[in-house]
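All remarks here apply to the structure that follows.
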Amino acid sequence: MGWRLARDEERRSGRVNQPLTDAPPEVDYPGRLPQYCGDLGIRIDRQGRWFYHGSPINRKEMVCLFASVLYRAKDGSYLLITPGEMGHIQVDDVPFLAVEMYTCGSGREMVVSFRTNMDEMVTVDRDHPLRIAEAEGSGEPSPYVTVRSGIEARLSRSVYYELVALGWEEDREGETVYGLWSSGSFFPLGRMDLPD
Numbered sequence: 008m009g010w011r012l013a014r015d016e017e018r019r020s021g022r023v024n025q026p027l028t029d030a031p032p033e034v035d036y037p038g039r040l041p042q043y044c045g046d047l048g049i050r051i052d053r054q055g056r057w058f059y060h061g062s063p064i065n066r067k068e069m070v071c072l073f074a075s076v077l078y079r080a081k082d083g084s085y086l087l088i089t090p091g092e093m094g095h096i097q098v099d100d101v102p103f104l105a106v107e108m109y110t111c112g113s114g115r116e117m118v119v120s121f122r123t124n125m126d127e128m129v130t131v132d133r134d135h136p137l138r139i140a141e142a143e144g145s146g147e148p149s150p151y152v153t154v155r156s157g158i159e160a161r162l163s164r165s166v167y168y169e170l171v172a173l174g175w176e177e178d179r180e181g182e183t184v185y186g187l188w189s190s191g192s193f194f195p196l197g198r199m200d201l202p203d
């Protein structure tokens with residue numbers, strides 16, 4: 008069943024919880040945008056698991072296929088775009104998780120790369136920066152890396168601990184910052200408040 012047929016079925020059954028619009032969102036897409044189908048009923052949870060109408064999508068090949076046609080609209084929403092159709096999906100945090108880390112070199116010459124749960128490789132550089140956000144509620148650091156075109160992966164806790172172990176303090180504009188180098192750029196990981 009195509010996405011368009013699934014949307015028609017949802018309209019008839021009343022299961023749609025978001026208003027439908029025929030206006031496609033603004034998105035950087037190479038070529039002409041296909042027909043907009045509204046919400047597709049797909050959700051990615053905080054652990055990077057994909058669901059279709061609440062049921063897990065267990066076939067990794069299928070999830071990887073969907074991930075390959077995932078785009079981020081200018082309004083921050085996420086879309087799956089195929090040559091024939093496009094529609095919104097719900098993402099609880101970010102679509103991907105960085106599950107393994109690889110390093111080459113050391114110090115200012117180090118290059119850090121991650122493998123995502125979709126088996127995509129991303130090297131930390133100016134186009135694929137690291138950023139540290141504060142997790143809602145806990146205030147704990149929540150690290151992210153840009154994978155492509157505004158789409159990010161959150162570093163798993165174990166990968167983040169590996170990353171932090173590679174960092175050191177550097178003086179930046181008169182302030183001591185904890186971070187690391189990758190691909191010739193310095194990426195702050197935060198302040199290290201050490202006891203006196």
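What the sequence shown shows, in this note's numbering, is residues 8 to 203, in sequence order.
Every residue gets a Cβ at the ideal spot worked out from N, C-alpha and C, and that includes glycine.
Fair warning: this is a prediction, and the values are worked out from it, not measured in the lab.
Among residues of its own chain, excluding the 5 on either side of residue i, which ones have a beta-carbon nearer than 6 Å to its beta-carbon?
{"i": "F163", "result": "The residue you asked about is not Phe; residue 163 is Ser in the sequence shown. Closer than 6 Å at the Cβ level, and outside the excluded window around S163, lie L104, V106."}
{"i": "W57", "result": "I51, I64, V70"}
{"i": "L137", "result": "V131, V152, F194"}
{"i": "V166", "result": "A105, M108"}
With a threshold of 7 Å on Cβ separation, who are the neighbours of residue i within its own chain once the five nearest residues in sequence on each side are excluded?
{"i": "N24", "result": "With a pLDDT of only 36 at N24, under the threshold of 50, the placement of this residue in the model should not be trusted; the figure read from the coordinates follows. Same-chain partners within the cutoff: there are none."}
{"i": "S190", "result": "V118, T130, V131, D132"}
{"i": "P202", "result": "Note that P202 scores 47 on pLDDT, short of 50, meaning its location in the model is unreliable; the coordinates nonetheless yield the value given after this. No residues qualify anywhere along the chain."}
{"i": "R53", "result": "D99, D100"}
Looking at the secondary structure, which residues open and close the alpha helix (DSSP H) in which residue i lies?
{"i": "E68", "result": "67–75"}
{"i": "R50", "result": "First-last for R50: 42–51, but that is the beta strand (DSSP E), not the alpha helix (DSSP H)."}
Please classify residue i: does DSSP put it in a helix, a strand, or coil?
{"i": "R115", "result": "helix"}
{"i": "T183", "result": "strand"}
{"i": "S192", "result": "strand"}
{"i": "V101", "result": "coil"}
{"i": "V106", "result": "strand"}
{"i": "M125", "result": "coil"}
{"i": "A160", "result": "strand"}
{"i": "R133", "result": "coil"}
{"i": "G91", "result": "coil"}
{"i": "G197", "result": "strand"}
{"i": "R79", "result": "strand"}
Tell me which same chain residues have a C-beta within less than 8 Å of the C-beta of residue i, skipping the five on either side of it?
{"i": "P195", "result": "I139, R179, V184, Y185, G186"}
{"i": "D134", "result": "T153"}
Would you kindly report the start and end of the unbroken beta strand (DSSP E) that includes residue i?
{"i": "S165", "result": "Per DSSP, S165 belongs to no beta strand (DSSP E); it is in the alpha helix (DSSP H), 164–173."}
{"i": "E141", "result": "137–141"}
{"i": "T149", "result": "Note that residue 149 is Ser in the sequence shown here, rather than Thr. Here the beta strand (DSSP E) through S149 covers 148–155."}
{"i": "I64", "result": "It is not in any beta strand (DSSP E) - I64 carries neither H nor E in the DSSP assignment."}
{"i": "Y36", "result": "Neither: Y36 is in no beta strand (DSSP E) and is coded neither H nor E."}
Please name the residue or residues paired with residue i in a DSSP beta bridge.
{"i": "D120", "result": "Reading off the sequence, residue 120 comes out as Ser, not Asp. In DSSP, S120 forms a bridge with Y109, T130."}
{"i": "D178", "result": "T183"}
I want to know whether the stretch 163–178 touches the stretch 117–132 - three or more CB-CB distances under 8 Å. yes
Tell me, please, whether the stretch 90–103 touches the stretch 121–134 by the rule of three or more beta-carbon pairs shorter than 8 Å. yes
Is the stretch 86–96 in contact with the stretch 60–77, if contact means three or more CB pairs nearer than 8 Å? yes
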